[in-house]
Amino acid sequence: MSKMVVALGGNALGKSPEEQLQLVKNTAASLIGLVRDDHQVVISHGNGPQVGQINLGMNYAAEHGKTAAFPFPECGAMSQGYIGYHLQQSLQNELAKRNMDKNVVTTITQIEVDQDDTAFQKPTKPVGDFYSKEQAAQIEAEKGYTFVEDAGRGYRQVVASPLPKSIIEINSIKTLVEHGDLVIAGGGGGVPVIKTETGLKGVPAVIDKDRSSALLADNIDADKLIILTAVDYVYVNYNKPEQKVLKQLSVEEAQKYMDDGQFAAGSMLPKVQACLSFVKGHPEREAIITSLNGLDDALKGNLGTVIHG
Ligand SMILES: Nc1ncnc2c1ncn2[C@@H]1O[C@H](COP(=O)(O)OP(=O)(O)O)[C@@H](O)[C@H]1O
Ligand SMILES: NC(=O)OP(=O)(O)O
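For the sequence shown, position 198 (counting from the first letter as 1) is numbered 198 according to full-length UniProt numbering, and the numbering increases by one without interruption.
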């Protein structure tokens, strides 16, 4: 039996509620397969596209006098509810199909960040939809947002992405896991909060969910961190004619490829960094990066990039 955190990528969850529900349904079947095989599974997920869509929609309505403005922490919390709802329902439906009895619960998760984190000075986290260079320049000029090119897929708005320090709801998450519940936690990297004299306070940022998932996996002492995204493997020379697949990676090899700039910032780099932080100094731990549909094959050792401690 393994204790594992399975992190689902925001971009791998599609672009609309319909697409997301379909993709989540497919993944739910594999996740329940893991539960049936007696693995303890905690699920986390990204929210890059979704939190950007929610923020854009709310801002548009606010600009047209239809609603109040909704800052990023509130949009992050909404994305946890929206994605958690689809996951929860799909997992419950899969459990029912197999006559399995298990509680499924989404925990709204706040994650502490450092208010002096230098990430607040330099936005790096891509959110929302993809735009052409011209569209991005126009929105930058109109709204003052920052856009960057995202791994050859187009231009996206970027927001601050501080490092996760601690998970506020970790004790509740541990209690639920120990009780045997199927827990969805740390969605969208967690709602970023700082500790102030008057208590917790949300800050406008989006934490990288791969980093938060590594922290969550470490906190619950998981032995596997599985990051599901849109590609089957991590590659060197990605998207170039000399592209090469990486099936096994040691900490040293991963570090060397990172130093060579092989993994794109804001997409593959944080995934590899998260895996390294989870396995480094823990030879008993393993991290896998593979595609949303590849979970079953990856656990049989037939797919995915495996990173060892
Ligand atoms: N070296 C690489 N190997 C594989 N994919 C890479 C690499 N560099 C960048 N990518 C891109 O990173 C993407 C995964 O990051 P992202 O879309 O941000 O993940 P998420 O699924 O968590 O939203 C892949 O779909 C691919 O387009
Ligand atoms: N919050 C976050 O890291 O989302 P993605 O997985 O969508 O990038």
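Built from N, CA and C at the ideal position, the CB exists for glycine as well.
Is residue 110 helix, strand or coil when you go by DSSP? As a position in the sequence shown, residue 110 is number 110, starting the count at 1. For residue 110, the secondary structure class from DSSP, reduced to helix, strand or coil, is strand.
7 Å Cβ cutoff met for residue 306 and residue 276: Within the sequence shown, numbered from 1, the residue matching residue 306 stands at position 306. Within the sequence shown, numbered from 1, the residue matching residue 276 stands at position 276. No, the pair does not count as a contact, with Cβ atoms beyond the cut-off.
What is the rounded straight-line gap between the Cα of residue 176 and the Cα of residue 182? Residue mapping note: residue 176 aligns to position 176 of the sequence shown, counting from 1. Residue mapping note: residue 182 aligns to position 182 of the sequence shown, counting from 1. If you take the alpha carbons of residue 176 and residue 182, they lie about 8 Å apart.
Compute the minimum distance between the beta carbon of residue 55 and the heavy atoms of ligand 2, and state whether it is under 6 Å. As a working note, residue 55 is residue 55 in the sequence shown. Every heavy atom of ligand 2 is 6 Å or more from the Cβ of residue 55, so no.
Following a CB-centred definition, is residue 209 positioned closer than 6 Å to any heavy atom of ligand 2? Here residue 209 refers to the residue found at position 209 when the sequence shown is read from its first residue. Residue 209: yes, Cβ under 6 Å from ligand 2.
At least 3 beta-carbon pairs within less than 8 Å: the stretch 181-198 vs the stretch 136-148: Judged by Cβ distances under 8 Å, the stretch 181-198 makes no contact with the stretch 136-148, as fewer than three pairs qualify.
Which residue comes first and which comes last in the beta strand (DSSP E) that contains residue 220? Here the question's residue 220 lines up with position 220 in the sequence shown. Counting along the chain, residue 220 falls outside any beta strand (DSSP E), and DSSP gives it neither H nor E.
Since residue 206 and residue 77 are thought to touch, with beta carbons under 8 Å apart, how far apart are those beta carbons, to the nearest angstrom? The residue given as residue 206 occupies position 206 in the sequence shown. The residue given as residue 77 occupies position 77 in the sequence shown. In this structure, residue 206 and residue 77 do not form a Cβ contact; the two beta carbons are roughly 12 Å apart against a cut-off of 8 Å.
Report the CB separation of residue 284 from residue 221 in whole angstroms; it is logged as a contact under 8 Å. The residue labelled residue 284 in the question sits at position 284 within the sequence shown. The residue labelled residue 221 in the question sits at position 221 within the sequence shown. So it is not a contact: roughly 10 Å between Cβ atoms.
Out of 129, 110 and 138, which has the shortest C-alpha to C-alpha gap to residue 168? Counted from its first residue, the sequence shown places residue 168 at position 168. Measuring from the Cα of residue 168, the nearest candidate turns out to be 110.
Boundaries of the beta strand (DSSP E) in which residue 149 is found, first to last residue: Residue 149 sits at position 149 when you count from the first residue of the sequence shown. From DSSP, the beta strand (DSSP E) with residue 149 extends over 146-149.
With 16 other Cβ atoms within 10 Å as the buried cut-off, status of residue 286: Along the sequence shown, read from residue 1 onward, the residue named residue 286 stands at position 286. Classified as buried, residue 286 has 16 or more neighbouring CB atoms from the shown chains inside 10 Å of its CB.
For ligand 1, is there a heavy atom less than 6 Å away from the beta-carbon of residue 314? It is not possible to answer for residue 314, since the shown part of the chain is limited to 1 through 309.
Does chain B have any CB closer than 7 Å to the CB of residue 231? Absent here is chain B; the protein component of the structure consists of one chain.
Where do the ends of the beta strand (DSSP E) carrying residue 286 lie? As a first step, residue 286 must be located in the sequence shown, where it is residue number 286. Taken as a continuous stretch (DSSP letters only), the beta strand (DSSP E) holding residue 286 covers 286-291.
In whole angstroms, what is the alpha-carbon distance linking residue 318 and residue 25? There is no way to answer for residue 318, as the model of the chain reaches only from 1 to 309.
Can we count residue 152 as close to ligand 2, meaning its CB is less than 6 Å from some heavy atom? Position 152 of the sequence shown, counting from 1, holds the residue named residue 152. Checking the Cβ of residue 152 against ligand 2 gives no.
Complete runs of the beta strand (DSSP E) confined to the stretch 25-98 [at least 3 residues]: The stretch 25-98 contains these whole beta strand (DSSP E) runs: 40-45.
Beta-carbon contacts of residue 94 that lie in its chain and below 6 Å, excluding the five residues immediately before and after: Working through the sequence shown from its first residue, we reach residue 94 at position 94. Result list for residue 94: 28, 29 and 32, in chain order.
Helix, strand or coil, according to DSSP, for residue 22 in the structure here? If you number the sequence shown from 1, residue 22 lands on position 22. Of the three classes helix, strand and coil, the one that applies to residue 22 here is helix, per DSSP.
Among the residues of its own chain, which have a CB less than 8 Å from the CB of residue 269, if the five just before and after it don't count? Working through the sequence shown from its first residue, we reach residue 269 at position 269. 258 and 263, listed in sequence order.
DSSP state of residue 177, grouped into three classes? Working through the sequence shown from its first residue, we reach residue 177 at position 177. Shown here, residue 177 sits in a helix according to DSSP, grouped into three states.
Would you say the beta carbon of residue 99 is closer than 6 Å to some non-hydrogen atom of ligand 2? Position 99 of the sequence shown holds residue 99. Relative to ligand 2, residue 99 has its C-beta separated by 6 Å or more from all heavy atoms.
Select from 15, 108 and 66 the residue whose C-alpha is nearest the C-alpha of residue 193. For the purposes of this step, residue 193 is identified with residue 193 of the sequence shown, where counting begins at 1. Minimum Cα distance to residue 193 is reached at 108.
State yes or no: is the C-beta of residue 76 nearer than 6 Å to some heavy atom of ligand 1? Here residue 76 corresponds to residue number 76 of the sequence shown, with the count starting at 1. No, the Cβ of residue 76 stays beyond 6 Å of every heavy atom of ligand 1.
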